[in-house]
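Numbering (this note's numbering), first residue to last: 14 to 168.
From the three backbone atoms N, C-alpha and C, an ideal C-beta is built for every residue, glycine too.
Treat the numbers as computed from the prediction; the structure is a model and nothing was measured.
Okay, so here's the structure we're looking at.
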Amino acid sequence: MAYFVPVTGAPRTPVAAWVILPPPAPTGFPLRVDFLITLGKPVIVSKIKINITAELNKELKGKLDKKIELTKGEVFNLEGFEDSKKNIAGVLIDAGYFHTEVTGKVNILLSENSAEVFFEINPGTICFFAEVEIRGNVTIKEKTIRQEIQFAKGE
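Here it is, written out as structure tokens:
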């Protein structure tokens, strides 16, 4: 029997299996299965394309680029792709874009053993803090509470 299994960087790695049967024995006898795995050619990242649906400043774009865990010319890794999307969203959320959506797709070209990676980034609108209202407090001075707040209106 032969089939293919996904292996990081080599999506069509052939696997062959042989079942070795012992001489006839009672039910429940041990069974030995030998596997031969031949690692195929790795899939190399040939392109990384980022599409951002809104205008972001240069510094923030630079931070996004640094959060991509894939590198052109290196072996494609699905975990790195998924982590990159989470990392990008985290940077944007930290910058005030709380409604960020990061999606992506990968085109694997088996004939060329290459992967084209695409990220689609929709940061949404930036959010700002409004004036803080303190209500219901009767024991602590408002000034003391405001000193503990670590943000200000407009941030």
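- Query: Going by alpha carbons, who is nearest to asparagine 126 out of Phe48, Gly53 and Leu49?
  - Reply: Against the sequence shown, residue 126 aligns to sequence position 113. For the residues Phe48, Gly53 and Leu49, the minimum Cα distance to asparagine 126 belongs to Gly53.
- Out of Glu95, Phe141, Phe132 and Phe94, point me to the one whose CA is closest to asparagine 64's CA. For the purposes of this step, residue 64 is taken as residue 51 along the sequence shown, with counting starting at 1. Closest option to asparagine 64, Cα to Cα, is Phe132.
- DSSP beta-bridge partners for alanine 102? Translated into positions along the sequence shown, residue 102 becomes position 89. None; alanine 102 has no bridge partner.
- Task: Give the straight-line distance between the Cα atoms of glycine 109 and isoleucine 134, rounded to the nearest whole angstrom.
- Result: The residue you call residue 109 lines up with position 96 of the sequence shown. The residue you call residue 134 lines up with position 121 of the sequence shown. Between glycine 109 and isoleucine 134, the C-alpha separation is close to 15 Å.
- Query: With distances taken between CB atoms, is the gap from lysine 76 to valine 46 smaller than 8 Å?
  - Reply: Numbered from its first residue, the sequence shown carries residue 76 at position 63. Numbered from its first residue, the sequence shown carries residue 46 at position 33. It is not a contact, given that the beta carbons lie outside the stated cut-off.
- Message: Ignoring anything shorter than 3 residues, give me the beta strand (DSSP E) runs that lie fully in the segment 82-155, in order along the chain.
- Response: 114-122 and 127-135
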